[in-house]
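K.L.:
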Amino acid sequence: MSDLEREGNMAEENITRLNINDKEIILIGTAHVSKKSAEQVKQMIDNEKPDTVCIELDKGRYKSITEGKKWSNTDIVSVIKQKKATLLLVNLMMSSFQKRMANQFGINPGQEMITAINSAKENDAKIVLADRDIQITFQRIWRGIGFMGKMKLLTGLVYSMFSDEEVSEEELERLKTEDILTSMLDELKDSFPKLKTTLIDERDKYLAQKIKDAPGNKIIAVLGAGHIPGIKEEIHKENNLNKLKSLPPKSNTSKYIKWAIPIVILAIILFTLFNSREMALDQTIGWVLWNGTLSAIGALIALAHPLSILTAFIVAPISSLNPLLAAGWFVGLAEAFIRKPKVRDFENLSDDITTVKGFWKNKVTHILLVVVLANLGSVLGTMIGGAEVIRIFLDLF
């Protein structure tokens with residue numbers, strides 16, 4: 000069967016009509032990389048004249064696809080202060096993947112959503128952003144996969160950004176029913192079963208409730224085909240949106256460990272001080288040198304400004320004793336003030352992130368790199384510096 004015939008059959012099968020609470024709800028299951036899907040979305044909205052069009056986007060993604068210069072208004076300082084550097088990294092990763100798709104296949108993923116927005120406006124229909132905030136989805140994933148999962152996920156993200164491999168036919172077929180984030184995290188689903196719950200099942204519940212609650216008597220929902228089965232099941236249930244939008248509390252064990260480490264380190268140094276001032280001084284020097292030096296080396300590897308490197312050396316030994324602080328935040332802020340990104344850096348992001356050279360050269364990604372590597376150096380410094388403190392302590396006996 001040809002691709003055209005396959006898409007034609009899909010067009011006949013991907014329309015679902017439901018009657019819920021005296022509302023007519025029409026679900027359109029789209030293929031995210033199919034031009035045919037975009038055409039069908041326009042035709043359905045023009046013909047049906049719905050009161051409301053629900054689209055599988057959140058506010059952030061809606062803004063990014065409706066504003067041409069979506070990165071130019073980004074405040075990198077606010078990103079660091081609000082602890083959203085990882086989220087920005089994910090967005091850049093997805094943009095890089097989309098760029099590769101566009102270059103290889105001449106396809107712009109998400110075109111059906113743009114068409115739905117434009118067609119809704121043309122027909123004076125209300126637009127409802129029905130998907131959960133991607134930041135909440137990612138944070139729920141992040142808190143649910145543990146330390147090794149985080150390392151594996153970050154490694155996958157970096158590989159995706161630096162990879163110059165062509166998108167495979169298998170990836171292309173998967174993108175016909177999955178969104179970009181789901182597709183890119185697909186390889187982790189087997190390793191982390193809970194990933195599917197957060198990435199797909201929870202969003203099915205959220206989407207279903209938003210569609211059901213949408214105003215008007217006739218509602219069209221434009222969704223990735225992969226969400227249709229779950230939404231058809233969940234739309235007959237009542238789901239608590241506030242619960243689905245909340246972030247799961249961090250485990251008490253994790254909190255205790257984060258606070259226990261600095262408390263133990265300080266207690267050991269104080270105990271040593273009462274027995275030997277010289278040895279306590281050696282412990283303090285070791286802690287400062289290991290933390291400060293390794294964090295500074297991380298900033299140096301990222302080619303940070305000398306003042307940013309100095310900031311890493313000074314801040315790391317202190318921030319490592321407070322779980323609420325991170326050396327990378329201070330170093331990143333210093334780098335952002337010294338080498339403030341220009342508008343063109345944001346505008347060139349989609350091209351620069353496709354190469355290693357561009358990633359280091361662009362001031363935006365460069366700052367993110369400084370944050371990450373300074374933090375990594377500080378973590379290593381805490382481990383080695385802590386071991387040095389304990390080693391000197393044991394010499395007391």
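Numbering that gives the first Met the number 0 puts the first residue of the sequence shown at 0, with every later residue one more than the last. Glycine residues also receive a C-beta, built at the ideal position from the N, C-alpha and C atoms. These numbers were taken from a predicted model, which means no experiment stands behind them.
In terms of DSSP beta bridges, what is Ile-19 paired with?
P.N.:
By 1-based counting over the sequence shown, the position of residue 19 is 20. Paired residues: Lys-22.
K.L.:
Under 8 Å: do the region 235–245 and the region 41–56 share three or more Cβ pairs, one atom per stretch?
P.N.:
With a cut-off of 8 Å on Cβ pairs, the region 235–245 is not in contact with the region 41–56, counting fewer than three such pairs.
K.L.:
Given this structure, state the Cα-to-Cα distance separating Gly-28 from Asp-130, to the nearest angstrom.
P.N.:
The sequence position of residue 28 within the sequence shown is 29, counting from 1. The sequence position of residue 130 within the sequence shown is 131, counting from 1. The straight-line gap from Cα to Cα measures roughly 15 Å.
K.L.:
Tell me the rounded alpha-carbon separation between Ala-295 and Ile-308.
P.N.:
The residue labelled residue 295 in the question sits at position 296 within the sequence shown. The residue labelled residue 308 in the question sits at position 309 within the sequence shown. So the alpha carbons of these two residues sit roughly 5 Å apart.
K.L.:
Select from Lys-341, Thr-364, Glu-111 the residue whose C-alpha is nearest the C-alpha of Ala-220.
P.N.:
To locate residue 220, count along the sequence shown from 1; it is residue 221. It is Glu-111.
K.L.:
How long is the line joining the alpha carbons of Thr-310 and Glu-277, rounded to whole angstroms?
P.N.:
Your numbering for residue 310 matches position 311 in the sequence shown. Your numbering for residue 277 matches position 278 in the sequence shown. So the alpha carbons of these two residues sit roughly 27 Å apart.
K.L.:
Suppose only complete runs of 3+ residues qualify. What are the beta strand (DSSP E) ranges in the region 28–56, listed by chain order?
P.N.:
51–54
K.L.:
Would you say Ile-267 and Phe-392 are within 8 Å of each other, going by their C-beta atoms?
P.N.:
Position 268 of the sequence shown, counted from the first residue, corresponds to residue 267. Position 393 of the sequence shown, counted from the first residue, corresponds to residue 392. A contact, by the Cβ cut-off of 8 Å.
K.L.:
Round the Cβ separation of Pro-247 and Arg-338 to the nearest angstrom and send it over; I've been treating them as touching at under 8 Å.
P.N.:
Residue mapping note: residue 247 aligns to position 248 of the sequence shown, counting from 1. Residue mapping note: residue 338 aligns to position 339 of the sequence shown, counting from 1. Incorrect: roughly 37 Å between the Cβ atoms, too far for contact.
K.L.:
Who are the near neighbours of Lys-22 in its chain, counting only those whose CB is closer than 7 Å to its CB and skipping five residues on each side?
P.N.:
In the sequence shown, residue 22 corresponds to position 23, counting from 1. Within the same chain, Lys-22 has close Cβ partners Asn-216, Ile-218.
K.L.:
One question on the structure: do Gln-282 and Val-388 come within less than 8 Å of each other, judged by their Cβ atoms?
P.N.:
Counted from its first residue, the sequence shown places residue 282 at position 283. Counted from its first residue, the sequence shown places residue 388 at position 389. It is a contact, given that the beta carbons lie within the stated cut-off.
K.L.:
Can you give the beta carbon distance from Gly-327 to Ile-366, rounded, assuming they're within the 8 Å contact cut?
P.N.:
On the sequence shown, position 328 is the one that residue 327 refers to. On the sequence shown, position 367 is the one that residue 366 refers to. About 10 Å; that fails the 8 Å criterion.
K.L.:
Taking Asp-45 and Ser-118 to be in contact with their CB atoms under 8 Å, please state how far apart those CB atoms are, rounded to whole angstroms.
P.N.:
Position 46 of the sequence shown, counted from the first residue, corresponds to residue 45. Position 119 of the sequence shown, counted from the first residue, corresponds to residue 118. Confirmed, Cβ separation roughly 6 Å.
K.L.:
Please report the straight-line C-alpha distance between Ala-213 and Leu-320, rounded to a whole angstrom.
P.N.:
Translated into the one-based positions of the sequence shown, residue 213 becomes position 214. Translated into the one-based positions of the sequence shown, residue 320 becomes position 321. Each residue's alpha carbon lies about 49 Å from the other.
K.L.:
Quickly, what does DSSP pair Leu-222 with across the bridge? List them, please.
P.N.:
In the sequence shown, residue 222 corresponds to position 223, counting from 1. Bridge partners of Leu-222: Gly-28.
K.L.:
Please work out which residues of its chain come closer than 6 Å, Cβ to Cβ, to Gly-357, disregarding the five sequence neighbours upstream and downstream, and give them in chain order.
P.N.:
For the purposes of this step, residue 357 is taken as residue 358 along the sequence shown, with counting starting at 1. Contacts found: Asp-351.
K.L.:
Tell me which residue opens and which closes the beta strand (DSSP E) that Lys-125 is part of.
P.N.:
For the purposes of this step, residue 125 is identified with residue 126 of the sequence shown, where counting begins at 1. Element bounds for Lys-125: 125–128.
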